[in-house]
DNA sequence: ATGAAAGCGCTAACAC
DNA sequence: GTGTTAGCGCTTTCAT
C-alpha cells in the first residue's frame, strides 16, 4: 500500500528549478501571467515525471472552493429512482470537476440537520436537497447557509431553485396516446395520496379528454392505496362494468402491473381487450410485463443533472442567480400495451 | 445566504480566554491532557455560544485523516440494488463519522482510473470498489495505493478484502424450502451467463437435492437469457412436460416473474399447481406479484455495511489487517408462492 | 518573467 | 494545566 512518497508542489518546484509560485501559476493556468514557454514546459515535464497531483484539501482550504457538493436525500435504498437521480447528479458534477458527497436521512428530520451540518463542515460548495418522490418539503433552516437546489421537491414558498417532473404534461400525453388510438372510454386507476403527482396527473387526464372533446366521467377514476394490489382491485372494478373502459391510464407502473393481473383474472388480454398506459417507466416492471408496458418516463437522470448544473451556476455567480423552478418533461415510452379499442 | 461570519478556533480561544491549543485539546477530547474542569466548561460554552464548527478541511490537511471514503461503482442508475449497497455503506460510514464520496464509472475502465485518482487527490481515507452484481473484477492498479475493499466483487488473486453473497447457501436454502414442502421434481430456471451466481446457485441446487436424496436430473435445469422473457420460455417448456416439475427454483425474481406468466399461460395457478421460489428479493417484483413471491434476499445492505466497516478497521490499523473474504448469507423471505405439491 | 512570504484553519511537539 | 510555535500543501498578494 501507499506510494513511496507523495510529491508536493515543492518537489516539482525544486526539480524544475523554479519557485512554487511559478509552478502554481503554470499548473493552474492562471490567466494574465507572463511566463516563458520554456518554463511552462520544464514545469509540466517535472510535474509529470514526479507524478505530481495537487492535494485538493490544501487547495480547498486556501481557495475556499472544494469542488465537492453535498447530496442529501430522504431515502436512497428503497426506491429504484434514487439511482437515476444520483447518477445524473454525479455525471453533471464530474463534468465540472466536482464530486458528490452522499447522505441519506431516512426521513429523520433531526438526522437531516446533522447531515447538512456535516456537509457544511466539510466546506462543500453547495448542497442538493433531494426527495425520492415529487413533494413539497420544508428543509432545515440551516440549508439557507449554503447554496442549495431542490431535486424532485419544492418548498411551500419556493425559496430555492428546484426541479420537478411535469406531472400534468406527462399525464396529458399518456391519455392522448390512448385517445389517439381511438379510445373514448378511458379509466384512470390512481392513488389515494394527496401529493403533487396525484393532483397533477388528474389534471392532465382531464385536459387530454377536453382536447378530444370527451366528457369527464367521474366514475371512471378509481383511487386505491398504491402498489399492484390497489391497481388490481381498481382495474378489476373498472373492467367489470357493463360500460367498461377500453383504455386504462394507471397512476404508476406498479398499478399497471395490478391492472395486468386484473385483466388476466377477467380473461381479457392486453392490448386486444384493454389498452394500458402506466407512469414512471420503472423498467424492471415495464419491460418485464407481457406485453411490454407503454408508459411515461420520469426524467430522474435529467433532473439530477439539471439540479447540479443549476447549483454550480449559482455557486459560480456568488449566489446572485435568480431562483428558478424547472418543470422537467416526462417522455412517452411506447411498448406494446396500447392498440385500437376492440370492435365491440 | 452565508452566515454572518464563520467562527474559527481562534475566535473560541479569544472568547473563552485560552489559547487555541487548549481549545483544540478540549474540543477534541485529547486523552492524557490535564485540563481544569472549569476551563473545559468555559471553552465548551464559548464554542456553543459562537456556534463554532471545526473546518474539516483544515483538520484533514493537518491530521492526514479526512473521514471521507470513496465509493466507486461500475453502475448505479440501472440497478435496483445499488441503493441498498450505498445505503448500507453510507450508514456504516456515518456511524463512524465518515462521509461517502460517490462515483460511478459506467463500466469505463479509463474513467474508473480517473475517478480513483480524483478520490485520492481528495485524500479519502480509503475506497470501496463496488460491483453491482457478484463478479470477478480487475481493479485499476492505482487502487493499491490506498486502503480498499471490494463490494460484491473479488479479484482473481484475492488481494483485497471482499464481501460477496453466499450463492451456494442461498440456492440450497431456496431448494430446501421446496423440498421441505414435499416437492421432489424441482425445475431450475437459470441464466446462460457464466458468472459466480449461476455457478454457485447450481451447486446449491444440487446440494439441496442430495441432502434429500433426490437424484439430479439434468433435463430439469433450463437456462435462458435472463429477464422475464427468458423465464417465461424456460418455465413454459419445463411446465409443459408430461413429467412436469411441481416446484420451480428461479435464478432471479425477474425470471420468476416470467415463470408466473408461463403458469398463467398454461392455466396453472401459483402455488396450487406449481410452487415457485425466486432469488434477489427485488421487492418491486416479489411483493407485487400475485401471489407474493417467496425468494432469497440478496444482503446488499449488510454487504455495504461490512465493506466500510472492514475498510475502516483496515485504515485504523494502518493497513496491518489480514485480508478477509466474507460470504454474506442470503436469507429466505417467505411469501405465498410455495405450498405442497398438487395431489396429482 | 519570476519569487518571497503570508496565511487558509487546524493539530501536535514541545515549552513552561 | 496551559501556551508557543511550527507546519499540513497549497494560492495569492506584492516585490523585484
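Residue numbers (our numbering), protein chains in the order written: chain A, 7 to 350; chain B, 7 to 350. Note that the Cβ used here is the ideal one computed from N, Cα and C, for glycine as well. Quantities reported herein were computed from a predicted structural model and do not represent experimental measurements.
The C-beta distance from residue 251 (chain B) to residue 277 (chain B) rounds to 13 angstroms, too long to meet the 8 angstroms contact threshold. Your pair residue 230 (chain A) and residue 272 (chain A) does not check out as a contact, with CB atoms roughly 17 angstroms apart and the cut at 8 angstroms. Boundaries for residue 202 (chain A): no beta strand (DSSP E) harbours it, while the alpha helix (DSSP H) harbouring it runs 202-217, taken from the DSSP string. Judged by beta-carbon spacing, residue 135 (chain A) lies within the 8 angstroms limit of residue 156 (chain A), meaning their Cβ atoms are closer than that value. In this structure the segment 112-128 of chain B lies against the segment 70-80 of chain B, because at least three pairs of beta carbons, one per stretch, are closer than 8 angstroms.
By the CB criterion at 8 angstroms, residue 259 (chain A) and residue 279 (chain A) fall outside the cutoff. It is roughly 52 angstroms from the alpha-carbon of residue 124 (chain B) to the alpha-carbon of residue 223 (chain B). According to the DSSP assignment, residue 266 (chain A) belongs to the alpha helix (DSSP H) that extends over 259-271.
The segment 201-208 of chain A makes contact with the segment 164-173 of chain A; the number of CB pairs closer than 8 angstroms reaches 3 or more.
For residue 193 (chain A) against residue 254 (chain A), the beta-carbon gap comes to about 5 angstroms, under 8 angstroms, which counts as contact.
Separation of the CB atoms of residue 74 (chain B) and residue 104 (chain B) is rounded to 6 angstroms, and the pair is thereby assigned contact status at 8 angstroms. Listed in chain order, the positions of the segment 200-232 of chain A with a beta carbon within less than 7 angstroms of a beta carbon of chain B would be empty, since no residue qualifies. The beta carbon of residue 119 (chain B) does not come within 8 angstroms of any beta carbon belonging to chain A, so the residue lies off that interface. With distances taken between CA atoms, residue 324 (chain A) lies nearest to A:131 out of A:217, A:28, A:131 and A:118. When B:127, B:41, B:122 and B:50 are compared, the shortest CA-CA separation from residue 70 (chain B) is found for B:127.
DSSP places residue 110 (chain A) in the uninterrupted beta strand (DSSP E) bounded by 105-110. Collapsing the DSSP output to three states places residue 65 (chain A) in a helix.
Short of 8 angstroms from the beta carbon of residue 146 (chain A), and not among the five residues preceding or following it, lie these beta carbons of its own chain, in chain order: 115, 118, 119 and 122. The alpha-carbon separation between residue 139 (chain B) and residue 96 (chain A) amounts to approximately 21 angstroms. Looking at the DSSP output, residue 35 (chain A) bridges to nothing. Rounded to whole angstroms, the gap between the alpha carbons of residue 242 (chain B) and residue 263 (chain B) is 12 angstroms. Shown in chain order are the members of the segment 283-307 of chain A whose Cβ falls below 9 angstroms from a Cβ of chain B: 288, 289, 290, 291, 293, 294, 295, 296, 306 and 307. Not a single C-beta of chain B is nearer than 8 angstroms to the C-beta of residue 246 (chain A).
Excluding the 5 residues flanking it on each side, residue 21 (chain A) has same chain C-beta neighbours closer than 8 angstroms at 52, 55 and 56, in chain order.
In this model, residue 151 (chain A) and residue 109 (chain B) are separated by some 26 angstroms (Cα to Cα). Close to chain B, meaning a Cβ-Cβ distance shorter than 9 angstroms, are the following residues of the segment 31-60 of chain A: 59 and 60.
Proximity to residue 11 (chain B) across B:58, B:335 and B:316 peaks at B:58, based on C-alpha coordinates. Under the 8 angstroms criterion on CB atoms, residue 240 (chain B) is classed as non-interfacial with respect to chain A. Contact annotation: residue 94 (chain A) and residue 308 (chain A) have beta-carbon atoms nearer than 8 angstroms. In the structure shown, residue 42 (chain A) adopts coil according to DSSP, grouped into three states. Excluding the 5 residues flanking it on each side, residue 85 (chain B) has same chain C-beta neighbours closer than 8 angstroms at 138 and 139, in chain order. Below the 7 angstroms Cβ cutoff, chain A contributes 93 and 96 as neighbours of residue 110 (chain B), in chain order. In terms of CA proximity to residue 208 (chain A), A:227 leads the group A:190, A:191, A:227 and A:218. Chain order gives the chain A residues near residue 124 (chain B) as 105, where near means a beta carbon separation below 7 angstroms. Taking 8 angstroms as the CB threshold, residue 156 (chain A) stays off the interface with chain B. Of all alpha-carbon atoms in B:189, B:165, B:26 and B:100, the one lying nearest the alpha-carbon of residue 349 (chain B) is that of B:189.
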